[in-house]
Amino acid sequence: MSGVRPDPKAVGSDTTAGWGDPTRAARIRLEKSGLSVEVAVPAAHTSRLLDAVVVVLAAAGAVVCPVLTLRVVPPDFPTWAAVALVAGQIGLLGVLALVARRR
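So the mapping is simple: the working numbering equals the position in the sequence shown, first residue as 1, plus 118.
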């Protein structure tokens, strides 16, 4: 009688196509045409790495979102409403950064 054995490379294993040798390190890889960035840290520091990524995204959003809003606002839009919208975006992203920083 033959028994069915599970595949040794099942879902959740440390080997991923194109990442080289198996490792216990946590990795974040960002790729765009002509640009590739990879960060690897020990698995014990994964939460710190993700917190740093969230803070960086919040900081970038605090700059990019108001600029994009001001570019899209029509000329006849009330000035007070545009200022309130931009201030709300900056405030919301600031709160997000504080929450991410406390974690």
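Using N, Cα and C, we set each Cβ at its ideal position, and we do this for glycine too.
When DSSP reads this structure, Ala-143 sits in a beta bridge with Pro-160. In this structure, the straight-line span from the alpha carbon of Arg-145 to that of Ala-180 is close to 26 Å. In this structure Leu-148 is exposed. Its beta-carbon is surrounded by fewer than 16 other beta-carbon atoms within 10 angstroms. For Leu-167, same chain residues with a beta-carbon under 7 Å away, outside a window of 5 residues either side, are Ala-144, Ile-146, Val-157, Val-159 in chain order.
Note that the region 203-220 touches the region 169-185; at least 3 beta-carbon pairs, one per stretch, sit closer than 8 Å.
The secondary-structure analysis by DSSP pairs Leu-168 with nothing; it has no beta-bridge partner.
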